[in-house]
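In the numbering used here, the protein residues as written are 161 to 309. See structure below.
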Amino acid sequence: MTADTPQTSQGPSTKTYNVTKTDAEWRAELDPMAYHVLRQAGTERPFTGEYEDTTTEGVYACRACGAELFTSAEKFASHCGWPSFFDPKDSAAVELLVDDSLGMRRTEVRCANCGSHLGHVFEGEGYPTPTDQRYCINSVSLSLRPTSA
161 MTADTPQTSQ GPSTKTYNVT KTDAEWRAEL DPMAYHVLRQ AGTERPFTGE
211 YEDTTTEGVY ACRACGAELF TSAEKFASHC GWPSFFDPKD SAAVELLVDD
261 SLGMRRTEVR CANCGSHLGH VFEGEGYPTP TDQRYCINSV SLSLRPTSA
């Protein structure tokens, strides 16, 4: 699956992931908020995440499995309350699924390596980015690996 083609899905993905763990293992490894967002498709409150305004150069990895997802080169200030990226580091790094929850159609973004929920991607909002997309990602879903100076 590429980042360009959302998979239509009702409920959990049927994909087999490289990293698979039991619910108990995920709960033991992740703090309660990270577990809620990454494993239960929750959302952190806007303007509360540690990476929303960060300008540190580096790579943003999945907090659950460590897979590299986004870089600071694709991050931009959308002022929406969550970190925003206009493209993933590699289109194969994320899985896109149609999300019909909350009475609206959105495109969910998951880590392609472990299936963890990251956030949603939106198109056509008018941001001056090369892709006209905004990957709206929960800070708690990410770990920033700063570029060495």
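Think of the CB as a built atom: it goes at the ideal place given N, C-alpha and C, for glycine as much as any other residue. Every value quoted in this text rests on a predicted model; they were computed, and no experiment measured them.
Query, Result
"Limits of the alpha helix (DSSP H) - the one that Y195 falls within", "P192 to Q200"
"One or two residues paired with K235 in a DSSP bridge", "F245"
"Contact the segment 265–283 vs the segment 194–205: 3+ CB pairs below 8 Å", "yes"
"Neighbour-count burial assignment, L256, 16 or more Cβ in a 10 Å radius", "buried"
"Where R187 falls: helix, strand or coil (DSSP)", "helix"
"Backbone secondary structure at G275 - three-state DSSP", "coil"
"Beta carbon of G218 nearer than 8 Å to that of P306", "yes"
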